[in-house]
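Counted the way the working numbering counts, the sequence shown spans residues 77 to 260.
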Amino acid sequence: MSEDKAPETDEGADGEAVSGKESGSGKMKILILVVVAMLGEAGLFLFLGVGADGAADAASAEAKTVEVEPKPKDNEEELVEVEVHSFSVTNTTAAADTVIHISFKVHALLASDQENDFKNAVTSSHKVRVRESIETIFRSATMEDLSDSSLSTMKRLVREEINRVLRQSYVVSIVFNDYKTIQQ
């Protein structure tokens with residue numbers, strides 16, 4: 077009364093019966109093929125310069141079109157905050173039949189090794205030109221720019237204008253403090 081059992085079989089992709097041992101062997105071959113393909117792609121990416129240290133043509137082209145605030149290099153010292161000045165400006169162009177009074181303090185973030193040169197330029201040699209350019213930016217701003225919660229456009233414009241007036245890229249970022257607007 078011994079019953080002989082037939083070996084277990086699975087149905088393959090084309091409907092043919094495949095034994096269990098052959099099925100496991102096929103899975104192993106597919107796994108090896110996938111691993112070899114992945115290693116080949118990784119080698120190709122590294123060879124073409126798309127790895128962690130390189131930059132692909134598409135990535136570098138995209139980076140050129142996107143404006144990014146300059147960041148200090150890892151070997152530079154920490155950024156320091158330097159107060160530029162307190163401002164009280166009136167904007168009559170942002171909204172029709174409305175006068176907007178804006179008061180704020182401007183602080184510049186810059187590398188600590190540039191702090192003394194920047195303070196000297198902002199408080200003495202370029203003092204009036206820096207203040208006038210910042211006031212002009214706020215007097216001609218749109219209502220959308222003034223009511224933006226992060227003031228990102230205003231920060232970018234002020235940073236660019238200070239660096240333009242000083243003829244050197246001191247400012248990495250701008251911070252507004254005590255920012256208040258009153259509409260009349």
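Note that CB positions come from ideal geometry on N, CA and C, so glycine has one too.
H177 to T212, Cα distance in whole Å? 14 angstroms
Residue environment, N167, which counts as buried when at least 16 other CB atoms sit within 10 Å: buried
With which residues is V156 paired in a DSSP beta bridge? L186
Report the option in N192, A113, L222, K231 whose CA atom is closest to the CA atom of V158. N192
Starting from N167, follow its DSSP beta bridges and name the residues at the other end. I176
Return the chain-ordered list of same chain residues with a C-beta closer than 7 angstroms to the C-beta of S228, the five sequence neighbours on each side being excluded. none
Identify whether T212 lies in helix, strand or coil by the three-state DSSP scheme. helix
Distance check for L107 and L115, CA to CA, integer angstroms please. 12 angstroms
Is it buried or exposed for L186, if we count other Cβ within 10 angstroms and need 16 for buried? buried
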